[in-house]
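**Student:** So the sequence shown is residues 24 to 80, counted in this note's numbering.
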Amino acid sequence: MFLIILVIYFFIFLFFQILLLYKSFIVIKLINNLWFTKGKKIELLLDRITRACFRPT
24 MFLIILVIYF FIFLFFQILL LYKSFIVIKL INNLWFTKGK KIELLLDRIT
74 RACFRPT
């Protein structure tokens, strides 16, 4: 019973993680459309931030 709950929680966590990455991807695309030159630097910065946040401990 406990294992089933754990699996459900894991899938919910995974879904939110993907949703969060998808949202940040849309934000990056919008930034790139607004600033073509600065956009790449911002994208690299956001990539570093997301890598730091999602790095498994």
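From the three backbone atoms N, C-alpha and C, an ideal C-beta is built for every residue, glycine too.
So for residue 77, helix, strand or coil by DSSP?
**Tutor:** Here residue 77 sits in coil by DSSP.
**Student:** Report the rounded CA-to-CA distance for residue 75 versus residue 67, giving the unit in angstroms.
**Tutor:** C-alpha separation (whole angstroms): 12 Å.
**Student:** Can you give me the C-alpha to C-alpha distance between residue 45 and residue 34, rounded to a whole angstrom?
**Tutor:** Taking the straight line joining both Cα atoms gives about 16 Å.
**Student:** Judging by CA-CA distance, which residue of 37, 73, 31 is the nearest neighbour of residue 51?
**Tutor:** Looking at the Cα atoms, 73 is the closest of the given residues.
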